[in-house]
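Chemist: Before anything else, here's the structure in question.
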Amino acid sequence: MLQISPPATSRLLLGDEAVALGAIDAGISAAYSYPGTPATEIMETLMGAAPDGVVAHWTANEKTAYEAALGVSMAGRRALVAMKHVGLNVAADPFMSSALVAIAGGLVVAVADDPGMHSSQNEQDSRFLADFARIVCLEPASSQEAYEMTREAFEVSERFGIPVLLRLVTRIAHSRSPVTTAPPRPTPPLDKADRPQDWILIPGNARRLWHGLVALQPELEAWAASSSHTMLTLSDDDRGLGVITAGIGRNHYLENGADLGYTPSHLHLGAYPVSAKLIRNLADHVEQLLVIEEGYPFVERRLAGVLPTRWDVLGRDSGTLPADGELTPDTVRAALGLPVRTGIDLTGMVLPGRPPQLCKGCPHEESFEALLAALAGIDQSVVMSDIGCYALGALPPYQAIESCVCMGASIGMAKGAADAGLRPSLAVIGDSTFLHSGITPLMDAVAHRTPITVLILDNGTVGMTGQQPTLLPGSSLEPLLAGLGIEPDHLHVIEITRQRVTELTALLRAEMDHPGPSVIVAVRECVEARKDRRQGTAS
Amino acid sequence: MTSDIVIAGVGGQGVLSVAAIIARAARAEGLEVKQTEVHGMAQRGGAVQATLRISPQPIASELVPRHTAAMILGLEPVEALRYLEYLSPDGVLITAAEPVTNVTDYPPLAEVHAVVRRIGGHLVEAFRLAKECGSPRAANVVMVGAASVHLPLAVGSLEAAVTEAFIAKGERVVGINLAAFRAGRAILSPATP
Ligand code: SF4
Chain A
1 MLQISPPATS RLLLGDEAVA LGAIDAGISA AYSYPGTPAT EIMETLMGAA PDGVVAHWTA
61 NEKTAYEAAL GVSMAGRRAL VAMKHVGLNV AADPFMSSAL VAIAGGLVVA VADDPGMHSS
121 QNEQDSRFLA DFARIVCLEP ASSQEAYEMT REAFEVSERF GIPVLLRLVT RIAHSRSPVT
181 TAPPRPTPPL DKADRPQDWI LIPGNARRLW HGLVALQPEL EAWAASSSHT MLTLSDDDRG
241 LGVITAGIGR NHYLENGADL GYTPSHLHLG AYPVSAKLIR NLADHVEQLL VIEEGYPFVE
301 RRLAGVLPTR WDVLGRDSGT LPADGELTPD TVRAALGLPV RTGIDLTGMV LPGRPPQLCK
361 GCPHEESFEA LLAALAGIDQ SVVMSDIGCY ALGALPPYQA IESCVCMGAS IGMAKGAADA
421 GLRPSLAVIG DSTFLHSGIT PLMDAVAHRT PITVLILDNG TVGMTGQQPT LLPGSSLEPL
481 LAGLGIEPDH LHVIEITRQR VTELTALLRA EMDHPGPSVI VAVRECVEAR KDRRQGTAS
Chain U
1 MTSDIVIAGV GGQGVLSVAA IIARAARAEG LEVKQTEVHG MAQRGGAVQA TLRISPQPIA
61 SELVPRHTAA MILGLEPVEA LRYLEYLSPD GVLITAAEPV TNVTDYPPLA EVHAVVRRIG
121 GHLVEAFRLA KECGSPRAAN VVMVGAASVH LPLAVGSLEA AVTEAFIAKG ERVVGINLAA
181 FRAGRAILSP ATP
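This is the structure:
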């Protein structure tokens, strides 16, 4: 079936937008995601651009997103699942085991890493997870590559029967560059995988499938070596330095390359597993290898072991590039031994920092005030918190929270602290984060009657990532909590306003003394979400 | 030659719109463009920055190397100075004069302005001019106008980009923003002899 598409014109797109369009043009039937910077715009774009009949929606968390996508694949159709890097930890269980099943319809997991931690709690490198699962990883270095690789990832996934990880980094996800799209491919028909023994991972099957995946590795490596995203250029200009770039590392290298005065031999890696053969070809040609890769020293560690070799391997581990943080054209310039540029500097003035703040009129303000008032005069207490705008409660003027680790951790950590003897032990968590990962730890607290007080800040939205709707309406929280076993006398829903700060304070005070779990839901809409809603209804 | 611009301001001031307008104009002229922007946590009333690289040739890095930018365009003076190390010795710093003082340790404004002047930068009363044009929200477009004098782009392309950016909001809003653009441009245009 041939489809005619409008003439190709290039558009300035975010890497995230390019992934979304790539997935649509690859003929996906469904896409799932949970909001998280810098991956959020993948689903936002899909929801706006996906043709009728394509399912594109937010899910409770990354694990449920991944599992849904896996089901689509079993039905023989294509699915995209998108998340930020730490989201893949949440989805790690289905992700790791999905490498063993016989993927039918293409399954692509787009993961956006955040080196430099612009908006994240760590800077883990998803290439390690692709390697851990022993699957293929593609790493775009522009929006155009993000588009093309997304399309190609579906082909690769179906060809080898494995999921494919598309690894983005912030500066690709959130940079705009021109993209030319190609005619879309039709959506594959429903075609249910007919070998359940390749989907039922009981030990007998799993051993056979794992054996097959391990045996497939040389083929995957050969494919990566021959991929158009892998490029080896041997140069006789200079036989000293060989440069290996991966993903966006190439861009920072090329930014400086012209100043070198010669052209080093260069291997660019856009597809993994790393091709050992191409690395050997490059190494045979040079004396020294500089690895320029964003994130952890993933390729560098493949090259430099503990044993001495004839080659100097330079990179993040060797100290040639900074061991942490985001690569820049300047750090790469220094690693290439090029002179540092100078210019105007700001002398004699210290600039104030300008950290992010809660929006004016944010409902969290009143909740934090009540929390501080409730804890006033108490010698020892702990307030665990979570991922969301309310993590800004760590900063002045509130300084009201004491932890922010991962989605849902506030409740589990509050339970642990209470078990350890720390009382009162509180957890402050948003409605969406609670639905994502807060229910199960609360179940633990209910089952063991642990004395914790959970304050759910129900602002009706995923605020920090740009006001995506919370999966379930706030009204569903009360029956959900009651159903979990929170006793009616210790379950409160309060519409939080300036006038009711004292009331919330009193509630918190009372519940902190309760010898079992209690939950207070403080309800008020996020001001940004309200603005969006009003604009939406106005137009 | 790549022309790099660092656009700086505070969350909510319209930094991304400025980048989008200039990028649109550059694309209309057939130039290569790479633009970075900040989303998520960093936007909540905090410092926001976008970069724009424009060139007739393909552009390598997404990021602007230090001491090479042709322009720093500030929607707020302290934010403009924050990226001074990116400015090339022959680059230009143009910033809105009005401060956003949502921090406790904001330095005396006179000192901030003195530093801008000392390094040969331009101060533009963007919010005053925008108000005169009909809406203080157009201050960011005043700054596009001020920048236009030093951008490697035709006025016509920039005005067309401003029009396209606001067309969905109606003719009145387009009018206000075009006036804002012209008011900003007039401030930095060399006086006609
Ligand atoms: S986006 Fe909403 S929840 Fe986040 S700080 Fe602003 S008002 Fe508060």
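Protein sequence lines correspond, in order, to chains A and U. Numbering-wise (my numbering), the first sequence opens with residue 1 and increments by one. Numbering-wise (my numbering), the second sequence opens with residue 1 and increments by one. Heads up, the beta-carbon is just placed ideally off N, CA and C, and yes, glycines get one too. All of these numbers come straight from a predicted model, not from anything done at the bench.
#1: Within the continuous beta strand (DSSP E) that includes V48 of chain U, where are the two ends?
#2: Can you pull the chain A neighbours of I5 of chain U, defined as C-beta to C-beta under 9 Å?
#3: In the DSSP output, which residue or residues are listed as bridge partners for R176 of chain A?
#4: Mark N459 of chain A as exposed unless 16 or more other C-beta atoms lie within 10 angstroms of its C-beta, in which case mark it buried.
#5: Should the segment 33 to 53 of chain A be called in touch with the segment 11 to 22 of chain A, which here means at least 3 C-beta pairs below 8 Å?
#6: Taking Cβ-Cβ distances shorter than 9 Å, what residues in chain A pair up with I72 of chain U?
#7: Give me every residue whose Cβ sits closer than 7 Å to any heavy atom of ligand 1, in chain order.
#8: Using a cut-off of 8 Å between C-beta atoms, extract the partners of H545 of chain A located in chain U.
#9: Using a C-beta to C-beta distance shorter than 9 Å, which residues of chain A count as neighbours of N102 of chain U?
#10: Below 8 Å between beta carbons: does that hold for T170 of chain A and D114 of chain A?
#11: Would you verify that the beta carbon of S88 of chain U is, or is not, closer than 8 Å to some beta carbon of chain A?
#12: With contact counted as at least three CB pairs below 8 Å, one residue from each stretch, are the segment 377 to 393 of chain A and the segment 404 to 420 of chain A in contact?
#13: How about E136 of chain A and V156 of chain A: do their beta carbons lie closer than 8 Å?
#14: Can you give me the Cβ contacts of L372 of chain A inside the same chain, cut-off strictly under 8 Å, excluding the 5 residues immediately before and after it?
#15: When the Cα atoms are used, what is the spatial distance from L73 of chain U to L166 of chain A?
#16: Run through the DSSP bridge pairs and tell me what C137 of chain A is partnered with.
#17: Whose C-alpha, out of U:S61, U:A146, U:T51, is nearest the C-alpha of G121 of chain U?
#18: State yes or no: is the beta carbon of V116 of chain U nearer than 8 Å to at least one beta carbon in chain A?
#19: Tell me, please, whether the CB atom of D330 of chain A is closer than 8 Å to any CB atom in chain C?
#20: Which residues of chain U have a Cβ atom closer than 9 Å to the Cβ of N281 of chain A, listed in chain order?
#21: Can you list, in chain order, the residues of the segment 47 to 68 of chain U whose Cβ is nearer than 7 Å to any Cβ on chain A?
#22: Please give me, in chain order, every unbroken run of the beta strand (DSSP E) with length at least 3 that falls completely inside the segment 301 to 363 of chain A.
#23: Between I54 of chain U and D431 of chain A, what straight-line distance do the alpha-carbon atoms span, to the nearest angstrom?
#24: Between which residues of its own chain and F127 of chain U is the CB-CB distance below 6 Å, once the five residues before and five after are set aside?
#25: Could you please tell me which residues of the segment 316 to 341 of chain A, in chain order, have their CB closer than 9 Å to any CB of chain U?
#26: Using the Cβ count rule (16 or more neighbours within 10 Å means buried), how would you classify I378 of chain A?
#27: What residues from chain A crowd round I119 of chain U, counting only those whose CB sits closer than 8 Å?
#28: What's the C-alpha gap between D237 of chain A and L12 of chain A?
#29: Starting from D93 of chain A, trace the alpha helix (DSSP H) both ways and give me its first and last residue.
#30: I'd like to know whether the C-beta of I248 of chain A is nearer than 8 Å to at least one C-beta of chain U.
#31: Could you check how far apart the C-beta atoms of G22 of chain A and A146 of chain A are, in whole angstroms? I think they sit under 8 Å.
#32: Could you pull the start and end residues of the alpha helix (DSSP H) that H252 of chain A belongs to?
#33: Tell me, please, whether the segment 79 to 86 of chain U touches the segment 170 to 183 of chain U by the rule of three or more beta-carbon pairs shorter than 8 Å.
#34: When you compare the CB positions of S10 of chain A and P264 of chain A, do they come within less than 8 Å of one another, or not?
#35: Of all Cβ atoms in chain A, is any one closer than 8 Å to the Cβ of L153 of chain U?
#36: For a quick check, are the C-beta atoms of A70 of chain U and V15 of chain U less than 8 Å apart?
Modeler: On the basis of the data shown:
#1: In the second sequence, the residue the question calls residue 48 of chain U occupies position 48. Unbroken beta strand (DSSP E) run through V48 of chain U: 47 to 55.
#2: One-based indexing of the second sequence puts residue 5 of chain U at position 5. Result: empty, since nearest Cβ-Cβ is about 14 Å, beyond 9 Å.
#3: Residue mapping note: residue 176 of chain A aligns to position 176 of the first sequence, counting from 1. Per DSSP, A:L14, U:Q35.
#4: If you number the first sequence from 1, residue 459 of chain A lands on position 459. Burial check for N459 of chain A: the Cβ neighbour count within 10 Å reaches 16 or more, so the residue is buried.
#5: The segment 33 to 53 of chain A vs the segment 11 to 22 of chain A: in contact.
#6: On the second sequence, residue 72 of chain U is found 72 positions in, with the first residue counted as 1. Near I72 of chain U there are no residues of chain A at all, since even the closest Cβ is about 10 Å away, more than 9 Å.
#7: Matched residues: A:L358, A:C359, A:G361, A:C362, A:P363, A:H364, A:C389, A:L392, A:N459, A:T461, A:G463, A:M464, A:Q467, A:C526, A:V527, A:E528, A:A529, U:R44.
#8: As displayed, chain A neither begins before 1 nor continues past 539, which places residue 545 of chain A out of reach and without an answer.
#9: The sequence position of residue 102 of chain U within the second sequence is 102, counting from 1. When 9 Å is used as the limit between beta carbons, N102 of chain U is near these residues of chain A: R354, Q357, in chain order.
#10: Reading the first sequence from its first residue, position 170 is the one you call residue 170 of chain A. Reading the first sequence from its first residue, position 114 is the one you call residue 114 of chain A. Yes, Cβ-Cβ distance for T170 of chain A and D114 of chain A is below 8 Å.
#11: In the second sequence, residue 88 of chain U corresponds to position 88, counting from 1. Using beta-carbon distances, S88 of chain U counts as an interface residue toward chain A, with a partner under 8 Å.
#12: Yes, they touch.
#13: Counted from its first residue, the first sequence places residue 136 of chain A at position 136. Counted from its first residue, the first sequence places residue 156 of chain A at position 156. It is Val, not Glu, that sits at residue 136 of chain A in the sequence shown. Inclusion of V136 of chain A and V156 of chain A in the CB contact set at 8 Å is warranted, their separation being smaller than that value.
#14: Here residue 372 of chain A corresponds to residue number 372 of the first sequence, with the count starting at 1. If the five residues before and after L372 of chain A are omitted, its C-beta is found closer than 8 Å to the C-beta atoms of Y398, A400, all from its own chain and listed in chain order.
#15: Along the second sequence, one-based indexing puts residue 73 of chain U at 73. Along the first sequence, one-based indexing puts residue 166 of chain A at 166. Computed Cα separation, rounded: 35 Å.
#16: To locate residue 137 of chain A, count along the first sequence from 1; it is residue 137. C137 of chain A pairs with A:L165, A:Y272.
#17: Within the second sequence, the letter at position 121 stands for residue 121 of chain U. If we check each option's Cα against that of G121 of chain U, U:A146 comes out closest.
#18: For this step, residue 116 of chain U is matched to residue 116 along the second sequence. No - not a single Cβ of chain A is within 8 Å of the one on V116 of chain U.
#19: Of the protein chains in this structure, namely A and U, none is chain C.
#20: Locating residue 281 of chain A in the first sequence gives position 281, counting from the first residue. Those do not exist, as N281 of chain A stays about 24 Å from chain U at its closest Cβ, beyond 9 Å.
#21: Residues are counted here when their Cβ sits less than 7 Å from a Cβ of chain A; for the segment 47 to 68 of chain U these are A47, A60, S61, E62, L63, P65, R66, H67, T68, given in chain order.
#22: Every unbroken stretch of the beta strand (DSSP E) spanning 3 or more residues and falling wholly within the segment 301 to 363 of chain A is given here in chain order: 312 to 314.
#23: Position 54 of the second sequence holds residue 54 of chain U. Position 431 of the first sequence holds residue 431 of chain A. Roughly 43 Å between the two C-alpha positions.
#24: The sequence position of residue 127 of chain U within the second sequence is 127, counting from 1. Taken in chain order, the residues that qualify are E98, P136, A139.
#25: Result list: E326, L327, T328, P329, D330, V332, R333, V340, R341.
#26: Here residue 378 of chain A refers to the residue found at position 378 of the first sequence. By the 10 Å Cβ count, I378 of chain A comes out exposed.
#27: In the second sequence, the residue the question calls residue 119 of chain U occupies position 119. At a C-beta separation below 8 Å, I119 of chain U has these neighbours in chain A: I344.
#28: Residue mapping note: residue 237 of chain A aligns to position 237 of the first sequence, counting from 1. Residue mapping note: residue 12 of chain A aligns to position 12 of the first sequence, counting from 1. Taking the CA atoms as reference points, D237 of chain A sits about 36 Å from L12 of chain A.
#29: As a first step, residue 93 of chain A must be located in the first sequence, where it is residue number 93. Note, D93 of chain A: alpha helix (DSSP H), 92 to 98.
#30: What you label residue 248 of chain A is simply residue 248 of the first sequence in a count that begins at 1. Answer yes: the Cβ-Cβ gap between I248 of chain A and chain U drops below 8 Å somewhere.
#31: Taking the first residue of the first sequence as position 1, residue 22 of chain A is located at position 22. Taking the first residue of the first sequence as position 1, residue 146 of chain A is located at position 146. Going by Cβ atoms, the distance from G22 of chain A to A146 of chain A rounds to 7 Å, so yes, they are a contact pair.
#32: What you label residue 252 of chain A is simply residue 252 of the first sequence in a count that begins at 1. Segment 249 to 257, the alpha helix (DSSP H) holding H252 of chain A.
#33: Taking a cut-off of 8 Å for Cβ pairs, the segment 79 to 86 of chain U and the segment 170 to 183 of chain U do not touch, as fewer than three such pairs fall below it.
#34: Walking along the first sequence from the start, residue 10 of chain A turns up at place 10. Walking along the first sequence from the start, residue 264 of chain A turns up at place 264. Cβ atoms of S10 of chain A and P264 of chain A: not closer than 8 Å.
#35: Position 153 of the second sequence, counted from the start, is the residue given in the question as residue 153 of chain U. No, because no Cβ of chain A sits closer than 8 Å to the Cβ of L153 of chain U.
#36: Sequence index remark: in the second sequence, residue 70 of chain U carries index 70 (1-based). Sequence index remark: in the second sequence, residue 15 of chain U carries index 15 (1-based). No, the Cβ-Cβ distance between A70 of chain U and V15 of chain U is not below 8 Å.
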